[in-house]
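A.B. asks:
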Amino acid sequence: MEELPAKNPFVFIQDYHFTLLGKMIKEKRPDATIALFWHIPWPTPESFSICPYQAEILEGMFGCDLIGFHIQSHCNNFLDTANRLLESKVDTEKFSVVRAGKESFIRVFPISVRDRLSNELKVADLERAVERIRREFNLQGKIVALGVDRIDYTKGIAEKISAIDRFLEKYPQYKNKFVFIQLATPSRVNIQRYHSLMAEIDELVEKKNKKHRDAGWRPIIYLKRHFSADEIEPFYSLADLCIVSSLHDGMNLVAKEYVAAKRDLSGSLILSQFTGAARELTDATPINPYSIEEFAESIKFTIEMPEDEKRRRMGGMRKIISENNIYRWAANIVTELTALKKA
1 MEELPAKNPF
11 VFIQDYHFTL
21 LGKMIKEKRP
31 DATIALFWHI
41 PWPTPESFSI
51 CPYQAEILEG
61 MFGCDLIGFH
71 IQSHCNNFLD
81 TANRLLESKV
91 DTEKFSVVRA
101 GKESFIRVFP
111 ISVRDRLSNE
121 LKVADLERAV
131 ERIRREFNLQ
141 GKIVALGVDR
151 IDYTKGIAEK
161 ISAIDRFLEK
171 YPQYKNKFVF
181 IQLATPSRVN
191 IQRYHSLMAE
201 IDELVEKKNK
211 KHRDAGWRPI
221 IYLKRHFSAD
231 EIEPFYSLAD
241 LCIVSSLHDG
251 MNLVAKEYVA
261 AKRDLSGSLI
271 LSQFTGAARE
281 LTDATPINPY
291 SIEEFAESIK
301 FTIEMPEDEK
311 RRRMGGMRKI
321 ISENNIYRWA
331 ANIVTELTAL
341 KKA
C-alpha cells in the first residue's frame, strides 16, 4: 500500500499465489484499478466446488477489475463457476461478473515469449556450446529430441518416456540413430508427492535405457537439475524436435521458447493438445499424451516429415511468436485496464 500513488493507481497482480490480494487492496484503496492474470487453467465448476476455500478465492479475485486467462475455455469455466457458486450477475455479452455492485471483466490474454530468447549468447558462443553438448553426449549423426520440464505430474514426463519406449519397440530401425534428452528441473521438493514422482521417473528412465541399450548408445539422457535460459538455448538449437507432452497446462512456454530459438527454421514441435499453446501453434504435430500408441506414431511422423514441410511449419509458428510476443501480451492487458479506468 505504501508503494501506491496518491490518486487512481493501477495494480497488476500475477498468478494464483496472490488470489486474495485484489480484495485486500480494493478495501483500502477503492480508487485503485486492479488486474489479475491467472497463469494456470481454471477448472470446471464441478471441480472447483470441491475446494473448501472456494468462497474466499472467488471473493479475493472479484476485488479485481480485470481477470485474465490464457485461453477462452478457462474464461468460460470461470464465468460458469461464478454463475453457479456465487450470488452474482453474469453478463455473457460483456464477459463480466457483477457482484455487490462491482463489475469485474474476464478476458483472454495468451501469454508468450520474446521473439528471441532472453539469453545474450553470441552466435559463435552458441555454436561452441552446441558442439560441446554433441561431444559430451555422443550426438554426432543422431536425431535429437528434447524435453524441457519441471518435474511435475501435469507435465507428462512419464508418458513421454513410455511413448519413446513404444516408438523404439515399433521402429527398431531408429535404434542407435535417435536420442531423447530430458532437461528436468526438480520442483516443490518439500512435498512428498513430488519426491515420489521423481523416484518414479528415475526408475522408468533406468528401466527403458536398460531395455534398449546397445553398446555405447542409450536412448534417453535424463539431466535432473536447474537450468538457466542460457544453458537451455544450445539444447533448443541442436534439437531436431521438441516434445511437449503436458497433461494439462495453462499455456506452456517451452513450446514457444523452442520455436523462438529456431531462427534458421530447422526443427519440429510435437505438442500436447492439452496445452494453451496448442490453440496458437497449429503447425505443431498434435498429440494426446494419454494415447501412447498415437504418441509413438507422432514421433515417427514428425521425424520423417519432408524438410520443406518442416521449414514451412516452423516459419508459420515463428510468425505467430514474433507477432504475439510477451510485449504485446503485457501491452494488451495495460490497454484493457486503461480502457476500464476511462469507462
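Positions 1 to 343 (this note's numbering) are the ones given, in order, by the sequence shown. Idealized CB from N, CA, C, for every residue including glycine.
In angstroms with no decimal places, state the Cα-to-Cα distance between Val98 and Ala55.
C.D. replies: Going by the C-alpha atoms only, they are around 15 Å apart.
A.B. asks: In this structure, what does DSSP give as the bridge partners for Ser96?
C.D. replies: Ser96 is bridged to Asp91 and Phe105.
A.B. asks: How is the alpha helix (DSSP H) around Ala145 delimited, first residue to last?
C.D. replies: Segment Ile143 to Arg150 is the beta strand (DSSP E) holding Ala145; no alpha helix (DSSP H) there.
A.B. asks: Ignore the nearest five residues each way along the sequence and tell me which others in Lys300's own chain have a CB closer than 7 Å to its CB.
C.D. replies: Phe167 and Tyr171, listed in sequence order.
A.B. asks: May I ask you to list the residues that DSSP assigns as paired with Gly68?
C.D. replies: Beta-bridge pairing links Gly68 to Phe37 and Arg107.
A.B. asks: For the 8 Å Cβ check, are there 3 or more pairs between the region 98–115 and the region 217–224?
C.D. replies: Segments in contact, no.
A.B. asks: Decide if the region 278–291 is in contact with the region 139–150; the criterion is three or more beta carbon pairs, one per stretch, under 8 Å apart.
C.D. replies: Not touching, per the Cβ criterion.
A.B. asks: Under the three-state reduction of DSSP, which class applies to Ser196: helix, strand or coil?
C.D. replies: Reduced to three states, the DSSP call for Ser196 is helix.
A.B. asks: Could you check what DSSP says for Ile50 in three-state terms: helix, strand or coil?
C.D. replies: Ile50: coil per DSSP, three-state reduction.
A.B. asks: Evaluate Met317 with the Cβ neighbour count: other Cβ atoms within 10 Å of its Cβ, from every protein chain shown; 16 or more gives buried, anything less gives exposed.
C.D. replies: Result: buried.
A.B. asks: Mapping the DSSP letters down to three states, classify Met184 as helix, strand or coil.
C.D. replies: According to the sequence provided, residue 184 is Ala. The question's Met does not apply to it. Strand.
A.B. asks: If Arg350 sits next to Pro45, beta carbons under 8 Å apart, how far is it from one beta carbon to the other, in whole angstroms?
C.D. replies: Absent from the model: residue 350. The displayed extent of the chain is 1 to 343, so no value can be given.
A.B. asks: Just grab the DSSP bridge partners of Asp249 for me.
C.D. replies: Answer is Thr275, bridged to Asp249.
A.B. asks: With respect to the beta strand (DSSP E) encompassing Tyr222, which residues constitute its N-terminal and C-terminal limits?
C.D. replies: Where Tyr222 is concerned, the enclosing beta strand (DSSP E) stretches over Ile220 to Lys224.
A.B. asks: In chain order, what residues of the same chain lie with their CB nearer than 6 Å to the CB of Thr302, ignoring the 5 residues before and after it?
C.D. replies: Closer than 6 Å at the Cβ level, and outside the excluded window around Thr302, lie Leu241, Ser268, Ile270 and Thr285.
A.B. asks: Could you tell me if His226 is buried or exposed, where buried requires 16 or more neighbouring beta carbons within 10 angstroms of its beta carbon?
C.D. replies: Exposed: under 16 other Cβ atoms inside 10 Å.
A.B. asks: For Phe10 and Asp80, I'd like the C-alpha separation in whole angstroms.
C.D. replies: Roughly 28 Å separates the two Cα atoms.
A.B. asks: Leu273: which of Met305, Leu238 and Ser246 sits nearest, CA to CA?
C.D. replies: Checking the sequence shown, residue 273 turns out to be Gln, not Leu. Looking at the Cα atoms, Ser246 is the closest of the given residues.
A.B. asks: For the alpha helix (DSSP H) that Thr44 lies in, which residues bound it at each end?
C.D. replies: Element bounds for Thr44: n/a, residue is neither H nor E.
A.B. asks: Could you give the residue range of the beta strand (DSSP E) that holds Leu241?
C.D. replies: Leu241 -> beta strand (DSSP E) spans Leu241 to Val244.
A.B. asks: Ser228 to Arg134, Cα distance in whole Å?
C.D. replies: Rounded to the nearest angstrom, the two C-alpha atoms are 19 Å apart.
A.B. asks: How would you write the range of the alpha helix (DSSP H) that Thr302 sits in, first residue to last?
C.D. replies: Start and end: Ile292 to Ile303.
A.B. asks: How would you call Leu117, buried or exposed, if buried means at least 16 neighbouring beta carbons within 10 angstroms?
C.D. replies: Residue placement at Leu117 cannot be trusted, given a pLDDT of 49 that sits under 50; what the coordinates show is reported in the next sentence. It counts as buried.
A.B. asks: Starting from Val130, trace the alpha helix (DSSP H) both ways and give me its first and last residue.
C.D. replies: Val123 to Glu136 is the span of the alpha helix (DSSP H), which, as asked, contains Val130.
A.B. asks: Can you find the residues in the same chain that come closer than 8 Å, C-beta to C-beta, to Ile157, ignoring five residues on each side of it along the sequence?
C.D. replies: So the qualifying residues of the chain are Gly147, Asp149, Ile151, Gln182, Ala184, Ile201 and Ser245.
A.B. asks: Going by Cα to Cα distance, which pick from Phe95, Asp165, Gln14 and Ala32 is closest to Leu4?
C.D. replies: Closest option to Leu4, Cα to Cα, is Ala32.
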